Structures are given as structure tokens and as C-alpha cells.
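Trainee: Got a structure here, written out as C-alpha cells. Questions coming.
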Amino acid sequence: MTRYLVRRAALLAGTLVLASVVLFLLLRLLPGDPANALLSVGATPDQVAAARHQIGTDRPLPAQFVHWIGQLATLHFGNSFVSSLPVGPEIVSRLSVTVPLTLAAFVLAVVIAVPVGFLAAHKSHTWYGGLVGVVSQLGIAVPAFWLGLILVWIFALRLRTLPAGGFPPDGWSTPGDAIRALILPVVTVALVMAASLIRYVRSATLDVLGSDHLRTARALGSSFLGAMWRHGLRNAAVPVVSVLGIELATTFLGAVVIESVFALPGLGSMLVRGIAQHDYPVIQGVLFVSTFAVLVVGFLSDVAQRLIDPRLRVSGARR
Amino acid sequence: MKKQRIALLGATLAAAVALAACGSSGGSSAGTPANAADANAVVQVGSLYEPQNLDNTGGGGQGVTEAFNGNVYEGLYRLTDDGKVEPLLATGNTVSADGLTYTFTLRDGVKFHSGKALTSADVKYSIEKVLAPDSKSARKSSFPEIKQITTPDPKTVTVTLATRSISFVYNLSYVWIINDQSGSIASKEDGTGPYQLDSWKRGSTLTLKKFADYWGTPATNGGVVFHYFTDGSALDNALLTNAVDVVTSEQNPDALPQFSDNPAYKVNDGKSTTKLLLAFNDRVAPFNNTQVRKAISSAIDNKKLLQSIWGDHGTLIGSMVPPTDPWYTDLTGVNPYNVDTAKQLLTQAGYPNGFSFTLDTPNYDPHPTVATFVKSELAKVGITVNINVITSDQWYTKVYQNKDFQATLQEHVNDRDIVWYGDPTFYWGYNNPQVTDWVKQAEQAPTEEQQTELLKKVNQQIAQDAASDWLYLYPQIVVASTKISGYPVNGLNSQFFAYGIKKG
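Here it is, written out as C-alpha cells:
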């Protein structure tokens, strides 16, 4: 296991380096000139040239890349072209919104999806199982922003129990307000995420229910729940954990729409603004951090799968 | 289907209620009695325009103007909400007989937020900052040629111009007077205004607190928090839930009824300076033909367009000048909507069967909608429009810099920007030597009356020539809770003076 972890960590580092090269180059392929985004109608060619020089886009690409990587090595993400403020602290401040949002939504989604999906599989032939199937299908079809708007309408505009959006100016130093601000966004993301998770949990559970070993266990006298507990859950968990990893990673950046609906200063809105303004340091910084996060989630979900299923730990020896 | 929907909604409600219960932390404060202004109340302002940075010569955008002009920084002069220029940090000025030397006297007792007293050196520093090579100020190019700035004593500034410039004092209303010791102000400030910066949370809020040593009348409220939104509906919801007291510029016409039908809100119809243009490339055929441009102007029903986008809001102007500019004249009658006239003009111009052209259309609202409207209007007179949707960045390079276009849609936000028609090298390439001459003369006019007279002529002439098709003037809609009063409604050049707002 240790060797595996070391190998996997090295792979992660290698992927990160490769990803940084790719994202740096891809950004430079985009049409348009970041200097233009800084200026307005009426700017003279001299002003454009000065702006280019100031942000360093008049230098050769390799020099720009080395400069960026050099900064990254010291955990410095550079300064925004547009605001000339350091990108790093802003990423940290926005992570303080996006990470709790994503994790809370994820946990809530799992808490909803696992029992519901399991029951839906267990009772697949009843009205209840059918209803869960339809509801989760509906949940997948509903766009997150629409669900968000509905929740805002009910809880903020009608009932006045929760804020319609925004995040307290002093952030987590007023934890009560920060939590209140995140409740509706978390519920929105969690419901959408739960809808698709339920289907995975249900089908993974159904697979296990139909498997030989579970039937054998039942034949040997185990109760349904007992057999599931001893033999079934582990098996069902493997595919679900891999899906969970993907869901978590997608939500991390996919929360953009939700951040916009609820006016949250998260990482996604920072990326969108960066792209609109051609602000390379911002885009690079956000994408680098999110790539890192996605790779770490992938790593953790692999490790989790190996811990759950011993068969995955022995490579090549047995089928 | 209905049943499942209800089930989903039920589950949603249950989950949200449960969570709301865990997270509740004290209710919102009760409303104070109406009409009793509280000098300590903090005004919550909602806006879609977050500053890009805090330096208006460093590409801060309209957001920093909105939050800082007049509130945090002050100029020698101020452009009031109804378009007048009045002295602010200067008590007044004298102009030499040749109109080239301006001498300004500074107000006594003015202090920067850092505590330093204002001197003429700060003024010199601030003007030079706008003109510096690395300045990104859009005003740099419209500024007259300044030969020399001298500071004979701490209270006096003398500026010598290379050529006469009647707009010089007006242009100074855009120049923030900054402490000459402050260095980069992209993320901090040191102004002389009634408020000082408390904190700026990127992507979220900018907080201003009252400056205790302010030289003038103190603000009538306890401070201001600007809340920034990217989504117009989220901003409206914030107003509906009292999270903000006022929306500086409502961009969502569909949202207006929920405020105008509610006695708790007031919808203010102000005059903006933002004109929506169908700009032709006047250099290239067929748009180098005045009759073609006039035909297109007559073929498009601007009234119907404005109505369909903004309902009863907004104004038709028929030319480049908004009503708040001193040289405004109503020119909507020069090229009135008339399909028959349009057809006749096209025939006279040699295009009886019309022609086709490409319309470069910025990809953000309202341009794509407007482009579709223009396309259907022009189809009636046989003109085929090919809509080419581009990003604002592409627009800047293709249209503005390379002038590689036939026609384009664009909004021009500034006041007094009719003078661009006097510049034949500007992107739209309108070239009428008479107009160029008038614009030049206007700038060098000895009195404002003469300047106004000349620019009125310019206005008349460009309308006559249909230099562009001025579709409409955007409305400036400030929506506010009736608990507050004293806010600006026109928001000229995106300014939003918050110091006079009273909150009860």
C-alpha cells in the first residue's frame, strides 16, 4: 500500500506539471489581447503598447512561462493583470466559500442518496421504488439555477427565513451569517447531486442484490440486511465511490451558476470574471488550484476504493 | 407528473427547513420609523459594476467611478448629477487673456484621509498621473495638450496649455486629487472625500466609512456598503429582501413591475448618457453614401425597438447628444421612421433592390436582440443583414483598432462624446471637414456659449448626414426602497454620489 501511495503521489505531481504546461499554452491560443481588456474606447496605440509591457505579454512565451512556473514554485500565483492585486490571497478567500459549499453539498447529497438509493433498490418492485426512480430522473433534468430560483422564491422572498444571496462582508468571522448564506446554495447543489447519485446507488445495489455470493449468503441463513451488511455494501460501494469522486470534482467548479444565482464570491465566479477580462494570472491560478483539487479527489477516491475492496490491492496476482 | 413534482418540492422544503433551523442566528433588525433619517444608518447599495481595481487611471472601469467619484476622491471640480460643473477642491480659477493659462486656487482646510493637508503639489501629481505613459485612463486622449504645470505656492496651481481648451475645466472633474505620497492606489486609497475606504472583498463588497476630518458638509448617513452582483435577478432579490436599499442601475426591464407595483419601492427614471449606435463604417461602400445611411436610419423603427427592449423607459434622441449635455437638441425628426422614404433614398442611391452587409454584433445584451430586430426591419426594404456575433475583445481588435467592418452595434457611455465625429481617424470614419473644423473651433472657443453654438451645429450636421444611426438613449433606472432619499438618479458617467443619501 505504501509503494502504491508513493507511486500514485508521483503520478499526481507529474500530471499537475503537465496540466500547467497545457493550460498555459491553451490560454495563449485564445483570440484577443489582454491589454485590450484593460483599456477602453479612446485608448491610443501608445497606451496599448504600455499596457502590454506592464503586464509582460510583450515578452516571448517561454519567458512568460518560466516566470509563471518560477512564481508557482514559491507558491506565488502572480498579480492580476486587471487589479494588480496578488491572485493567491484572493483564491484563498474564495476557497473559503467554495470549499464549504462543495463539501457540505456533497455530504448532504450522500446522506440523502445512499439510504434512498438503497431503499429504492431493495423495494424496486414497489410504488416507492418507482417513485424514487421518477423523482431522481426529474432531479437530473432540473437545471440547478432553476431549482435555486425556486428555493429563493420560497425561502427568501415568501417566507423570509433565509437570505436571497450574498455572503457576509466579514466572511466566516460571523459564522452564523455565513452559514445562513450558504444554506440555500448548499441545498440546491445537494439536491441536484443527490438526484444522480440515487440512481448510481440504486443500480449498484441492484447489481449486488442479484449477485451469486449474496444469494449464497441468504441461502446459508443470513437475513437480507445481515447479508447486505456483511457482503453487499462493500461491493456496492466500489462503483459508487468512484462516481462520488467525479461528482465532487465536477461540483467544485460547476458551482459557477449557483454562485451567480446566489451572488457568492466563490472560485467559479472568479474564473468567469478572469476569462471575461483575459486576466491570464487569474485564470491560470484558478485552473491550477482546481486541477490540483480534482487530482487530489481522484487520488483519494482511488485509495478509498482500494481500502474498501481488497481485490484491487493485489495487482495481477489474482483475478 | 404533477404528483412527482409535488413530492420533489416537498422533499426540498423539508430539507431546507431542517437546515434553516440549524443555521438560524438572530432575525433582521426591525424597521425604524419612516421619515426619521438616522445619521448613523449604513446605506446598502447594490450594483452590477464591481471595480476592477481602485485606480481610475489604471483600468478600474466604471465600477470604481461609481463607488469612489465624489465619495472617496474629489476633483478640483465636480460634475453634478444634472450635468453642471461646479468648483469642489478649487475655489475657482482665472484664465489668461489668450485662454492658455489657468490659475486655480485651492480650498483651505482640506485633508487627505491619511491626515496630510492638500497642497498644490498633490494637484500637479494627480494631473500628471492621468497623462503618464502607463496611464490607462480613457480620458487621456481627450485631455488637451498640457505644456506645463507649476505650483507657485501651496494653494495655487497654474496650468499652461498648448492650445485653447474650453472643456479643460470640465475635464478636470474626472481627475481625482490624490496624495502625492500615496504610490500605487490600485488596492488602497488616499482621497479627500466624505468617505474613506474601510474594506474591499473582491467579488462581494466594498465598504466605505465616514471620514471624521472632512472639510465640507459631512455625509448624511453613517457609511456605505456596495454589494456587487453578476446576476441582475440576484440583485433584484437582494432589494426585495432588504439586503440592499438601492440598485444603482436596473438592467432587467422585466423586473420593474414588481417594484413599481409595490409602495415600498420607488422606480426613478433618470437620463443616462449611454447611446446605442448602429455605427456604419463610413469609409466603405455602400455606407460612404449619405443616402444609404439615411435610408437605413429611416427604415428602422427606433420607437418600436426601444419599446420592445425597455418598455416605457429610455429616450429617442436622433443624434449623439443626450439631454444632459449643454448642446442637446431634439433631432428625432431629422431621419424619421418611414419605409417609403427609405425605399426612395435607396433607389436614388442606386440600390433599388437593396444590398447585403455584415453587422458585427457584440455578444452581450442587448446587442444580439437589437441585431435581429435591425435585420427584420431592413429586410422590408430589401437589405439583407448577416449578423456576426463577436466578443467585446474581438470587437475592440477588429472594429475599433483595425477598422475592419461594415457596420456594428455598440453603446457609447460617456457624456460630451459627440466630438468623436470630428475625428476622421475614429473607428466609424465619419469625415466631414466642416464638422472637424467646428469641433476644433468649439474646443478653442473663448466662451461656453460659442462652444455650445458650434456643437449644436455639429449635432445638426451629423444627424443630417446620418453619420451613424442612433437607435436610442438607455434609461438610467435607479430603484430604491422608499426608506431612503437623496440619491442621484441620472448617474452621469456612472457616478453615484452617496453622501447625500438619508436612510430612515
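Chains A and E, in that order, give the protein sequences.
My numbering applies: residue 18 is where the first sequence begins, and numbers increase by one.
My numbering applies: residue 2 is where the second sequence begins, and numbers increase by one.
Even glycine gets a Cβ: it sits at the ideal position worked out from N, Cα and C.
Computed from a prediction, not measured in an experiment: that's the story for all the values here.
(1) Pick from Asn-238/E, Leu-279/E, Ser-273/E and Phe-281/E: whose alpha carbon is nearest that of Phe-260/E?
(2) Kindly provide the ranges of any alpha helix (DSSP H) runs that are 4 or more residues long and lie completely inside the region 276-352 of chain E, ordered along the chain.
(3) Judging by CA-CA distance, which residue of Ala-372/E, Ala-235/E, Lys-211/E and Gln-452/E is the nearest neighbour of Ala-443/E?
(4) Any beta carbon of chain E sitting closer than 8 Å to that of Met-287/A?
(5) Does any C-beta atom of chain E lie closer than 8 Å to the C-beta of Ser-141/A?
(6) Buried or exposed, going by whether 16 or more other CB atoms sit within 10 Å of the CB of Arg-417/E?
(7) Assuming Leu-174/A contacts Thr-242/E under a Cβ cut-off of 8 Å, what Cβ separation, rounded to an integer in Å, is found between them?
(8) Tell me, please, whether the CB atom of Asp-75/A is closer than 8 Å to any CB atom in chain E?
(9) Where Ile-325/A and Leu-28/A are concerned, what is the direct C-alpha to C-alpha distance, given to the nearest angstrom?
(10) Give a yes or no on whether the C-beta atoms belonging to Gly-319/E and Ala-464/E are separated by under 8 Å.
(11) Under 8 Å by Cβ, that's how I've got Val-206/A and Thr-115/A pegged, so tell me the actual separation to the nearest angstrom.
(12) Once you ignore the five residues that flank Asn-432/E on each side, which residues in its own chain have a CB closer than 6 Å to its CB?
(13) Among Thr-316/E, Pro-434/E, Glu-449/E and Gly-223/E, whose alpha-carbon lies nearest the alpha-carbon of Ile-485/E?
(14) Can you pull the chain E neighbours of Glu-107/A, defined as C-beta to C-beta under 7 Å?
(15) Among Ala-280/A, Leu-78/A and Pro-256/A, which one has its Cα closest to the Cα of Ser-234/E?
(16) Taking the alpha helix (DSSP H) that Asp-237/E belongs to, which residues open and close that run?
(17) On a CA-only basis, which of Arg-177/A, Val-23/A, Gly-165/A and Asp-296/A is nearest Ser-101/A? Give me that one, please.
(18) Please identify the residue among Ser-115/E, Ile-147/E and Tyr-74/E whose C-alpha is closest to the C-alpha of Glu-1/E.
(19) Note down, in chain order, each residue of its chain lying with its Cβ closer than 8 Å to the Cβ of Tyr-266/E, except the 5 sequence neighbours on either side.
(20) Please determine if the region 120-128 of chain E and the region 177-191 of chain E are in contact, where contact requires at least 3 C-beta pairs separated by less than 8 Å.
(21) Hey, could you find the ends of the alpha helix (DSSP H) Arg-197/A is sitting in?
(22) Show which residues of chain A have a CB atom less than 9 Å away from the CB atom of Gln-197/E.
(23) Taking only the alpha-carbon atoms, compute the straight-line gap between Pro-79/A and Phe-41/A and give it to the nearest angstrom.
(24) Which runs of the alpha helix (DSSP H) at least 4 residues long sit entirely within the region 84-162 of chain E? Give them in chain order.
(25) Just the Cα atoms here: how many angstroms apart are Leu-136/A and Leu-312/A?
(26) So the beta strand (DSSP E) Ala-244/E belongs to, where does it begin and stop?
(27) With distances taken between CB atoms, is the gap from Ser-97/A to Pro-282/A smaller than 8 Å?
(28) So Gly-100/E and Pro-447/E are supposed to be a Cβ contact under 8 Å. How far apart are they, rounded?
(29) Only counting the same chain, and skipping five residues up and downstream in sequence, which positions put a Cβ closer than 6 Å to that of Asn-269/E?
(30) Should the region 56-63 of chain E be regarded as contacting the region 156-165 of chain E, the criterion being three or more beta carbon pairs within less than 8 Å?
(31) Cβ closer than 7 Å: which chain E residues qualify as neighbours of Arg-175/A?
(32) Which residues in the same chain as Arg-111/A place their Cβ atom closer than 7 Å to its Cβ, once the five residues preceding and following it in sequence are excluded?
(33) Beta-carbon of Phe-230/E versus every beta-carbon of chain A: anything under 8 Å?
(34) Can Leu-410/E and Val-371/E be called in contact, C-beta distance under 8 Å?
(35) Alpha helix (DSSP H) containing Tyr-297/A: first to last residue?
(36) Which of helix, strand or coil does DSSP assign to Pro-79/A?
Mentor: Judging by the given coordinates:
(1) Nearest of Asn-238/E, Leu-279/E, Ser-273/E and Phe-281/E to Phe-260/E, Cα basis: Asn-238/E.
(2) 291-300, 303-311 and 340-349
(3) Gln-452/E
(4) yes
(5) no
(6) buried
(7) 7 Å
(8) no
(9) 22 Å
(10) yes
(11) Actually they do not touch by this definition, with Cβ atoms about 11 Å apart.
(12) Pro-425
(13) Gly-223/E
(14) Arg-203
(15) Ala-280/A
(16) Note, Asp-237/E: alpha helix (DSSP H), 233-241.
(17) When only C-alpha atoms are compared, the closest one is Asp-296/A.
(18) Past the boundaries of the shown model lies residue 1/E; chain E is included only from 2 to 505, so the question cannot be answered.
(19) Leu-240, Phe-260, Val-480, Ala-481, Ser-482 and Thr-483
(20) yes
(21) 192-226
(22) The premise fails here: Gln-197/E is roughly 16 Å from chain A at the closest Cβ pair, so nothing lies under 9 Å.
(23) Computed Cα separation, rounded: 10 Å.
(24) 121-132
(25) 32 Å
(26) Taken as a continuous stretch (DSSP letters only), Ala-244/E belongs to no beta strand (DSSP E), as it is neither H nor E.
(27) no
(28) 6 Å
(29) Val-479 and Val-490
(30) The count of Cβ pairs closer than 8 Å, one atom from the region 56-63 of chain E and one from the region 156-165 of chain E, stays below three, leaving the stretches out of contact.
(31) Neighbours of Arg-175/A on chain E: none; closest Cβ ~10 Å, over 7 Å.
(32) Pro-282, Gly-283, Leu-284 and Met-287
(33) Taking Cβ atoms only, chain A reaches closer than 8 Å to Phe-230/E, which makes this a yes.
(34) The criterion of a C-beta distance shorter than 8 Å is satisfied by Leu-410/E and Val-371/E.
(35) 297-325
(36) helix
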